[in-house]
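Letter by letter, the sequence shown follows residues 220 to 514 in our numbering.
Each residue gets a CB set at the ideal place from its N, CA and C atoms; glycine is no exception.
Data block below; observations after.
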Amino acid sequence: MTEPSPSLPALSLSGKPLANRVTQEVRAALSGWATQAPGFQPQLVSVLASSDPASLVYVHSKARQARKLGVDLQVRDLGAHATQDELHGVLRELSSDPGVHGIMLELPLAGGLDADAALLHVAHRKDVEGLTPANLALIAAGREAEAILPPTPRSVRFLLREVLGDDLRGQRIAVVGPGRTVGRPLAFMLNNRGVTVTMCNEHTRGLEAVLAPMDAVVVAVGHPGLLRAEHVQPHQVIIDAGINVQGKQVVGDAEAGLPVRAQTPVPGGVGPLTSALMYQNLVRAVKLQRGENVD
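Here it is, written out as structure tokens:
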């Protein structure tokens, strides 16, 4: 694969074509189930325990997409005054309900509630966001075939393969941001594919020198403009998983238009594919619960 001249603009690595492909696969799976068992409709439950208006808007957006796909998405809004025990009880109830196939715990929770403790009460085979300790442990152990993988790190890996090729073995990739939802699971997921992974954080000294030999850089910190032109090289692929709201704009963690080989836009890069992969996770969850073969 030839590398572009530094004078050429970077390839804009959109997630929308991949998202469309994944969505078609999800529709095909749902259609197949509807044929085999008329009336069957996977049920996804979103659990809210906060007063965050952005979370409610996000949940309604998920509900609209679910309806288009033929998925029954229910919302359990416990409000901002829910106790930890009430939250745990609802999650245990949903986990044991055979009519519920997927559970999403919407973050952030209200102040005083412990998300890590709550996730212990979500059945890992219904954890469509791949955040439970059981799923993360399976990933870390190299047993991805038994796990449900977090959709944002999956989105990143999909996009990397679009430019670097399906076989990522031997690639050198830096992950800037060791967060639980993206950076940490992604590091294990890349390592499971034979990637040499370098983890960076806010204490990393000489970031420019650390990143210089990398084939790709993934940034997921939540700090707008963190990755700048002086940090990157013309041969690199930049995957920006950061989401930051500035006024009426959504921007990433990397400056737009970096002088690199390829860069994901924000919005339009990681986000659309992440959403599609969450519904693909629901399909996987149903198969795991039924004891069917999964890829």
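Query                                                                                                                    : Result
Reference Asn-463; option with closest CA among Gly-476, Val-485 and Ala-448                                             : Val-485
Residues of its chain near Val-290, where Cβ-Cβ distance is below 6 Å and the 5 sequence neighbours each way are ignored : Pro-261 and Leu-263
DSSP three-state assignment for Ser-269, whether helix, strand or coil                                                   : coil
Span of the alpha helix (DSSP H), counted from its first residue to its last, around Ile-358                             : 352 to 359
Bridge-paired residues (DSSP) for Ile-462                                                                                : None; Ile-462 has no bridge partner.
CB contact flag (Val-401, Ala-460, <7 Å)                                                                                 : yes
Alpha carbon of Asn-420 to alpha carbon of Leu-430, nearest angstrom                                                     : 12 Å
For Met-433, three-class secondary structure by DSSP                                                                     : coil
Gly-487, DSSP secondary structure in three states                                                                        : coil
Boundaries of the alpha helix (DSSP H) in which Thr-254 is found, first to last residue                                  : 235 to 255
N-terminal and C-terminal residue of the beta strand (DSSP E) that Leu-387 is part of                                    : Where Leu-387 is concerned, there is no enclosing beta strand (DSSP E), given that its DSSP letter is neither H nor E.
Candidates Ala-481, Lys-345, Leu-445 and Val-276: closest to Pro-453 by CA position                                      : Ala-481
Where Gly-308 falls: helix, strand or coil (DSSP)                                                                        : helix
In chain order, each beta strand (DSSP E) run of at least 3 residues that lies wholly inside the region 391 to 431       : 391 to 395 and 415 to 419
CA-to-CA distance, Leu-339 to Gly-234, given in whole angstroms                                                          : 32 Å
Three-state secondary structure (DSSP) of Asp-164                                                                        : Outside the shown range of the chain, which is 220 to 514, sits residue 164, and nothing can be said about it.
Gly-251 versus Glu-244: straight-line alpha-carbon distance, rounded                                                     : 11 Å
Three-state class that DSSP yields for Ala-301 in the structure shown                                                    : coil
Proximity test, Leu-332 beta-carbon vs the ligand ADP heavy atom, cut-off 6 Å                                            : The ligand ADP is not part of the structure shown, which contains no ligands of any sort.
Contact check, Gly-321 vs Val-347, beta carbons under 7 Å                                                                : yes
Straight-line gap, Arg-295 to Leu-267 (C-alpha atoms, nearest Å)                                                         : 6 Å
Contacting residues, own chain, Cβ-Cβ under 7 Å from Lys-345 (five flanking each side not counted)                       : Ser-314, Val-319, His-320, Gly-321, Ile-322 and Ala-504
Helix, strand or coil at Ala-495 according to DSSP, with G and I counted as helix                                        : helix
Residue from Val-375, Ala-356, Leu-324 and Ile-358 whose Cα sits closest to the Cα of Ala-238                            : Val-375
Three-state secondary structure (DSSP) of Gln-284                                                                        : helix
Own chain, CB closer than 6 Å to Leu-368, minus 5 neighbours either side, in chain order                                 : Gly-349
First through last residue of the beta strand (DSSP E) which encompasses Leu-324                                         : 321 to 324
Endpoints, the alpha helix (DSSP H) within which Arg-376 is located                                                      : 370 to 383
Bounding residues of the beta strand (DSSP E) (the contiguous stretch that carries Gln-515)                              : Coverage of the chain is limited to positions 220 through 514, which leaves residue 515 absent and any answer about it impossible.
Residues near Val-278 in its chain [Cβ-Cβ closer than 7 Å; skip 5 each side]                                             : Ser-265, Leu-267, Val-294 and Glu-325
Proximity of Arg-373 and Leu-501 at Cβ, strictly below 7 Å                                                               : no
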